Amino acid sequence: MLQLESYLNQQIEQACRQLQFPNISYQIDRPRQEAHGDISINLAMLLTKALKQNPRQIAARILEALSLDSDIIEKVEIAGPGFINFFIAPAYLQKTVTRVLAEGENYGRFDSGKGRKAMVEFVSANPTGPLTVGHGRQAVLGDTVANLLEWLGYEVTREYYFNNAGRQMRVLADSVRQRYLELLGDKIDFPEDYYQGDYIRDIAAGLREAHGDALRGSDELTVFKDAAEQAIFADIKKTLASLNVYFDSFFNESDLYENGAIDAVIAALKKDDLAYEHEGALWFRATRYGLDQDRVIVKSSGEPTYRLPDMAYHLNKYERGFDPIIDIFGADHIATYPDVLAGLQALGCDPERVKVLIHQFVTLMEGS
Numbered sequence: 346m347l348q349l350e351s352y353l354n355q356q357i358e359q360a361c362r363q364l365q366f367p368n369i370s371y372q373i374d375r376p377r378q379e380a381h382g383d384i385s386i387n388l389a390m391l392l393t394k395a396l397k398q399n400p401r402q403i404a405a406r407i408l409e410a411l412s413l414d415s416d417i418i419e420k421v422e423i424a425g426p427g428f429i430n431f432f433i434a435p436a437y438l439q440k441t442v443t444r445v446l447a448e449g450e451n452y453g454r455f456d457s458g459k460g461r462k463a464m465v466e467f468v469s470a471n472p473t474g475p476l477t478v479g480h481g482r483q484a485v486l487g488d489t490v491a492n493l494l495e496w497l498g499y500e501v502t503r504e505y506y507f508n509n510a511g512r513q514m515r516v517l518a519d520s521v522r523q524r525y526l527e528l529l530g531d532k533i534d535f536p537e538d539y540y541q542g543d544y545i546r547d548i549a550a551g552l553r554e555a556h557g558d559a560l561r562g563s564d565e566l567t568v569f570k571d572a573a574e575q576a577i578f579a580d581i582k583k584t585l586a587s588l589n590v591y592f593d594s595f596f597n598e599s600d601l602y603e604n605g606a607i608d609a610v611i612a613a614l615k616k617d618d619l620a621y622e623h624e625g626a627l628w629f630r631a632t633r634y635g636l637d638q639d640r641v642i643v644k645s646s647g648e649p650t651y652r653l654p655d656m657a658y659h660l661n662k663y664e665r666g667f668d669p670i671i672d673i674f675g676a677d678h679i680a681t682y683p684d685v686l687a688g689l690q691a692l693g694c695d696p697e698r699v700k701v702l703i704h705q706f707v708t709l710m711e712g713s
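If you read the sequence shown in this note's numbering, its first letter stands for residue 346, the second for the next number, and so on.
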């Protein structure tokens, strides 16, 4: 039906150019009553004001200018105040059915993306706890977008950005350490802003079983961080598998620090005078790219804000040759992703290659 509508659009536009009618958007509908045909357009009525003519007269002029293939459109009628109704030729429908049966599951495929690589990044939840209902929504949405791109012939990579660096991972590790000490009988004062879920106790119990009390005197958080990250991510993968969602690659944020990508972005911005020091922090000159104010990319504490690793990560996507680059985010990113796009522009990348899809949060109401 989409191909048929495209054909009709072309014929109608050609007729309107021939008649020197103004270019105006119109609606293609499927009539509710079989007697009104298979496809209907309201163009004539929309042109009434501009042409100062009766819409039925306008419709008649359009019909006269149309050059339709009788093997596709059997007849055309004017109805009501000026609707133009098209009746599809039975032979065309028969050919379509034959084609559907012949092509099977490949019917409707296009090759517009052939030879191009597309990246769809989605879910990308921090490995600090189980997935939420919102993450589940994003998983289905992201996988569906990836499937559609594959249908269009793109070579698609589904990627999960693994935020395994920064303060939240240190808090996660220390949350597990404190619960581990609690299981050993130590009295602890568990901070309110630490991770409170039972899964933290489960991870701590696993460490006690594996190491006994050998970790009691250690202030090194690596073993606690690694255990938590592995356990939580295994649970995340299990949840995604239950939705039949699988990823082609997992990108670790920590790699951006280890391979120098973060430092390279800072150096590039400073080289072009697009980053400057102010009150102990490093700022990006975002106002040069249309934002309302400059943005902090490294705090006065020396810790990067989310913008810096996100710039480095997206630069990596460009370097891997993906076009389009599709990011699927929750509504909490709606005010922040433009900062990253501005940063990419500052780094010499075409921001038009990045397409951002925002979905709303999911709330489950008790008892409903």
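Heads up, the beta-carbon is just placed ideally off N, CA and C, and yes, glycines get one too.
From a predicted model like this one, the values you see are computed outputs, not experimental measurements.
- Around lysine 420, the same chain offers Phe432 as residues with beta carbons nearer than 7 Å, after the five sequence neighbours per side are excluded.
- When the beta-carbon positions are compared, isoleucine 577 and proline 472 come within less than 8 Å of each other.
- Taking all protein chains shown into account, leucine 446 has fewer than 16 neighbouring C-beta atoms within 10 Å of its C-beta and is therefore exposed.
- Annotation: the region 573 to 629 contains the following complete segments of the alpha helix (DSSP H) (minimum length 4 residues), in chain order: 598 to 603, 606 to 616.
- If only uninterrupted beta strand (DSSP E) runs of at least 3 residues are considered, those enclosed by the region 626 to 712 are 626 to 629, 640 to 643, 670 to 675, 699 to 704.
- One alpha carbon belongs to proline 426, the other to leucine 392, and they sit about 12 Å apart.
- At the C-beta level, glutamine 483 and valine 501 stay beyond 8 Å of one another.
- Under the criterion of beta carbons closer than 8 Å, isoleucine 545 and valine 521 qualify as touching, at roughly 6 Å.
- Setting aside the 5 residues that flank it on each side, serine 599 is surrounded in the same chain by Asn509, Ala510, each with a C-beta closer than 6 Å to its C-beta; the list follows chain order.
- Judged by DSSP secondary structure, tyrosine 437 falls within the alpha helix (DSSP H) whose first and last residues are 435 to 448.
- Counting along the chain, the unbroken beta strand (DSSP E) around tyrosine 506 starts and ends at 500 to 507.
- If you look at alanine 463, you'll find it isn't in any alpha helix (DSSP H); it sits in the beta strand (DSSP E) that goes 462 to 466.
- A straight line joining the alpha-carbon of methionine 514 with that of alanine 572 spans about 11 Å.
- Contact between the region 647 to 666 and the region 603 to 618 is present: three or more C-beta pairs spanning the two stretches fall below 8 Å.
- Under the criterion of beta carbons closer than 8 Å, isoleucine 357 and glutamine 372 do not qualify as touching, at roughly 12 Å.
- Here histidine 623 is exposed, its C-beta having fewer than 16 other C-beta atoms within 10 Å.
- According to the DSSP assignment, alanine 424 belongs to the beta strand (DSSP E) that extends over 418 to 424.
- Scanning Ala676, Glu504, Ile703 for the CA closest to the CA of lysine 462 turns up Glu504.
- In the three-state DSSP reduction, asparagine 430 falls in the strand class (E or B).
- Partner residues in the beta bridge of serine 385, as assigned by DSSP, are Asp374, Asn430.
- Put simply, the backbone Cα of valine 465 is about 17 Å away from that of leucine 689.
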